[in-house]
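Structure record follows, encoded as structure tokens.
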Amino acid sequence: MMSRVAKAVLVAAGAVAVAACGSTTFNTTWSAPDAGALSLSEGTKVVAMVVTSNAAKRRGFETALVSELNQHGLDGVAAYTVVPEDAAQDSEKARPHIQKTGASYALVLQVTGSDQQITSTPTMSTAGMWHGPQQFWGPTWGGWGWGWTGGTDIRTDTIVRVQSLLYDLGADNLVWAGQSETMNPSRAESFMNEMVSSIGDELRKEGLVAR
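Heads up: the sequence shown runs through residues 23 to 233, numbered per the working numbering.
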């Protein structure tokens with residue numbers, strides 16, 4: 023039978039794992055001053071487009087984004103299902119295909135940058151401890167404690183930045199934008215799922231979606 027201590031350790035480990043997954047944060051958002059109290063009502067059709075030259079990743083990301091939009095009561099449409107590959111990278115060629123869907127809005131995602139952040143924190147170091155066998159190992163342990171501070175622990179984090187843009191297709195205007203950062207994405211699939219979930223949460227938090 024599992025002891026109380028073992029159970030507590032497992033619960034704590036699970037809490038840490040859940041916290042570690044939530045590494046995407048929105049650090050900047052913007053709304054158009056003339057957009058008014060923008061709120062996408064249930065059933066509003068929204069085209070989801072991810073700007074990338076990798077067709078497979080684009081399809082996967084857009085499918086996940088549509089699923090997230092649908093969970094918030096919207097009618098999501100993956101851009102890859104209506105915009106041909108040869109027109110996806112040209113806004114003028116893509117426009118008529120998107121207009122045919124009858125969508126009111128388009129949510130466009132694009133990775134804007136990826137870089138590494140190096141941080142250092144003080145740690146224990148034994149440098150400078152040795153002062154000769156007589157001095158260190160003598161009865162008074164005279165050398166013990168020298169140099170236990172002053173070292174550094176180096177950590178490298180990868181940060182991926184994504185820009186989210188919401189366009190009003192009827193007015194042909196940008197009505198909302200958000201800049202997010204994801205820390206240390208481990209795999210493309212987990213990054214994709216976490217990213218789209220964070221976008222949905224942000225849209226809900228800002229009152230852009232009904233629920």
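Where is the CB? At the ideal position from N, CA and C, for every residue including glycine. From a predicted model like this one, the values you see are computed outputs, not experimental measurements.
message = Considering only DSSP beta bridges, list what F48 is partnered with.
response = S202, per the DSSP bridge assignment.
query = For the stretch 67-111, which segments carrying the beta strand (DSSP E) assignment without a break, of at least 3 residues, lie completely within its bounds, in sequence order?
reply = 67-73 and 97-100
ask   = Would you call the stretch 211-220 and the stretch 191-198 in contact, with 3 or more CB pairs under 8 Å?
value = Not touching, per the Cβ criterion.
query = Looking at the unbroken alpha helix (DSSP H) that takes in K115, where does it start and where does it end?
reply = Start and end: S113 to Q121.
request  = Would you check if there are 3 or more beta carbon pairs closer than 8 Å linking the stretch 62-73 to the stretch 121-128?
outcome  = yes
request  = Just mark G200 as buried or exposed, buried being the case when its beta carbon has 16 or more other beta carbons within 10 Å.
outcome  = The Cβ neighbour count for G200, taken over all protein chains shown within 10 Å, is at least 16; the residue is labelled buried.
key: Three-state secondary structure assigned by DSSP to S126   = Here S126 sits in coil by DSSP.
query = Where DSSP assigns a beta bridge to L131, which residues make up the other side?
reply = Its beta-bridge partners are V72 and S186.
ask   = When the Cα atoms are used, what is the spatial distance from A78 to E107?
value = A78 and E107 have their C-alpha atoms spaced approximately 11 Å apart.
inquiry  = Could you pull the DSSP bridge partners for I221 from this structure?
reply    = Note: I221 sits in no beta bridge, so no partner.
task = Report the rounded CA-to-CA distance for L87 versus L129, giving the unit in angstroms.
result = Their Cα atoms are separated by approximately 9 Å.
message = I need the straight-line Cα distance from F213 to F83, nearest angstrom please.
response = Computed Cα separation, rounded: 10 Å.
task = Evaluate W198 with the Cβ neighbour count: other Cβ atoms within 10 Å of its Cβ, from every protein chain shown; 16 or more gives buried, anything less gives exposed.
result = buried
inquiry  = Please report the straight-line C-alpha distance between A116 and T103, rounded to a whole angstrom.
reply    = 12 Å
ask   = Which of helix, strand or coil does DSSP assign to S53?
value = strand
task = Under 6 Å Cβ to Cβ from A54, same chain only, skipping five residues before and after it: list those, please.
result = V197
message = I'd like the list of long-range same chain contacts for Q132, defined as Cβ closer than 6 Å, with 5 residues on each side in sequence excluded.
response = V73 and Q185
ask   = Taking Cβ positions, are T180 and N206 nearer each other than 7 Å?
value = Pairing T180 with N206 gives a Cβ-Cβ distance under 7 Å.
query = Rounded to a whole number of angstroms, what is the C-alpha to C-alpha distance between D97 and L188?
reply = Roughly 15 Å between the two C-alpha positions.
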